[in-house]
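Asker:
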Amino acid sequence: MIYPILISRFFKSYQPKTKQLLEFYKKQAEQITDPTLKKEALASLESKSFHCYGASFYASLVSTESQFEYLKFMTAYQTICDYLDNLVDQTKLINETNFRRLHQALIDVFKISDPTLNYYQYQTQQLDGGYLIGLVRMCRKCLHQIPHYDLYAAWLTKLAALYVDLQVYKHLHVNEREIKLKQLVATQKRLRGDLTWYEFSAACGSTLGIFTMVAYAMNQSKYNVRPEVIFNCSFPYVQQLHIMMDYLIDLNEDIRDGELNFFSYYDTYEEGIDTLLKTYQSAQRSVKALPEVKFHQTINDGLFALYLAEGIKKEPKLQSVQKQLLKPLGFRGKFLYYQASKFVR
Numbered sequence: 000m001i002y003p004i005l006i007s008r009f010f011k012s013y014q015p016k017t018k019q020l021l022e023f024y025k026k027q028a029e030q031i032t033d034p035t036l037k038k039e040a041l042a043s044l045e046s047k048s049f050h051c052y053g054a055s056f057y058a059s060l061v062s063t064e065s066q067f068e069y070l071k072f073m074t075a076y077q078t079i080c081d082y083l084d085n086l087v088d089q090t091k092l093i094n095e096t097n098f099r100r101l102h103q104a105l106i107d108v109f110k111i112s113d114p115t116l117n118y119y120q121y122q123t124q125q126l127d128g129g130y131l132i133g134l135v136r137m138c139r140k141c142l143h144q145i146p147h148y149d150l151y152a153a154w155l156t157k158l159a160a161l162y163v164d165l166q167v168y169k170h171l172h173v174n175e176r177e178i179k180l181k182q183l184v185a186t187q188k189r190l191r192g193d194l195t196w197y198e199f200s201a202a203c204g205s206t207l208g209i210f211t212m213v214a215y216a217m218n219q220s221k222y223n224v225r226p227e228v229i230f231n232c233s234f235p236y237v238q239q240l241h242i243m244m245d246y247l248i249d250l251n252e253d254i255r256d257g258e259l260n261f262f263s264y265y266d267t268y269e270e271g272i273d274t275l276l277k278t279y280q281s282a283q284r285s286v287k288a289l290p291e292v293k294f295h296q297t298i299n300d301g302l303f304a305l306y307l308a309e310g311i312k313k314e315p316k317l318q319s320v321q322k323q324l325l326k327p328l329g330f331r332g333k334f335l336y337y338q339a340s341k342f343v344r
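Take the sequence shown: its letter number 26 is residue 25 in numbering that gives the first Met the number 0, and every next letter is one higher.
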């Protein structure tokens, strides 16, 4: 009965501690001098805090005495991701050099040496009062308390680099972004396997692999699992499931607004749904190599259930395939779906 235990831990511990940390970052964001940077920092904390609450469940893999360190790392890292996503969405300086320098913060987190770059070098707005570098240093402080952190650094950097490439390219001009993403995928033939360019790109857009790896790294005495195993269990299928579900529920909205949506590249809606179900099954199989497999499969079920419940609320077309999507989930997944349906309505 892992689900009731997880929910109890979430409400008693993970949720209030995550809220406490997000409130701290909000106070830091309120000190930002530049009005544009301040606006985007506060907006990301306001509208995307659910990312941190969702990722807080991975604290369950961490020893009790290290759980707050995990939550500090996770909230700081995800806050950087969400802040930069908002910022590049709104910036008028749309070019790869600017976006890559901003997102270098997400890679510098995992470096052994202290970062010295000005992440805003090519950005019109620069005065953030130390907000971004403060988040980077918070992450680094947490990571450097991990024994033998150097064993994980390269693999974490690899996941971060894939995420950064995706974020940089998808925010370019419409006539550039698809070309750049296809070029990226062409350089990753071994990792790509039989995925299409848009499926691989989707897999790059999740931070779940990073949080899984950091959680295990913070509990090495209990889980002696190699970082490459964690990488391969998370990437591509768990991360692909996460992001493709997100794109599915935003499909019509993104098409209307001219936004990039990877689900829209399937030839038909039905093909996309069939592939999504296969991705779910692949994600459930891939995590079997990890300790606490039931935990990870519950997380996959939860992702699927929450996005589906939210999607049916905002996208009526999903109602026609509701039974098809629920069929492979089993009792646990269906239970989570019906609970989530009550929550999102």
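Heads up, the beta-carbon is just placed ideally off N, CA and C, and yes, glycines get one too.
Using the C-alpha atoms, what's the distance from residue 173 back to residue 146?
Answerer: About 44 angstroms.
Asker: Considering only the beta carbon of each residue, do residue 306 and residue 244 sit closer than 7 angstroms?
Answerer: Cβ distance < 7 angstroms, so residue 306 and residue 244 count as in contact.
Asker: Quick check on residue 117: buried or exposed, where buried means 16 or more other Cβ atoms within 10 Å of its Cβ?
Answerer: Residue 117 comes out exposed.
Asker: Relative to the alpha-carbon of residue 111, which residue among 34, 135, 28, 254 has its alpha-carbon at the smallest distance?
Answerer: That would be 135, whose Cα lies nearest to the Cα of residue 111.
Asker: Taking the C-alpha atoms as reference points, what is the distance between residue 148 and residue 142?
Answerer: Rounded to the nearest angstrom, the two C-alpha atoms are 7 angstroms apart.
Asker: For the candidate residues 55, 340, 86, 9, whose alpha-carbon lies nearest to that of residue 71?
Answerer: The option with the nearest alpha carbon to residue 71 is 55.
Asker: Which residues in the same chain have their Cβ closer than 8 angstroms to the Cβ of residue 79, if we skip the five residues on either side of it in sequence?
Answerer: So the list reads 104, 105, 108, 131, 134, 135, 138, once near-sequence residues are dropped.
Asker: Quick one: what's got a C-beta closer than 7 angstroms to residue 215's C-beta in the same chain, skipping five residues either side?
Answerer: Same-chain partners within the cutoff: 60, 222, 224, 229.
Asker: With 16 as the cutoff for other CB atoms within 10 Å, does residue 7 come out buried or exposed?
Answerer: Result: exposed.
Asker: Assuming contact is defined by CB atoms lying nearer than 7 angstroms, are residue 241 and residue 205 in contact in what I supplied?
Answerer: Yes.
Asker: Any contact between the stretch 261-272 and the stretch 28-41? By contact I mean 3 or more CB pairs, one from each, below 8 angstroms.
Answerer: No: the two stretches stay apart, fewer than three of their Cβ pairs being nearer than 8 angstroms.
Asker: Does the stretch 74-93 come close enough to the stretch 42-49 to have 3 or more Cβ pairs within less than 8 angstroms?
Answerer: A contact exists between the stretch 74-93 and the stretch 42-49.
Asker: Run the CB neighbour count on residue 101, radius 10 Å, all protein chains shown included, and call it buried at 16 or more, exposed below.
Answerer: Classification for residue 101: buried.
Asker: Taking the CB atoms as reference points, tell me whether residue 282 and residue 304 lie closer together than 7 angstroms.
Answerer: No, the pair does not count as a contact, with Cβ atoms beyond the cut-off.
Asker: Assign residue 225 to one of three DSSP states: helix, strand, or coil.
Answerer: Correct three-state label for residue 225: coil.
Asker: Using a 10 Å radius around the Cβ and a threshold of 16 neighbouring Cβ atoms, would you call residue 254 buried or exposed?
Answerer: So residue 254 ends up on the exposed side.
Asker: Identify which residue in 178, 158, 86 has its Cα closest to the Cα of residue 208.
Answerer: Residue 208 has its Cα closest to that of 158, out of 178, 158, 86.
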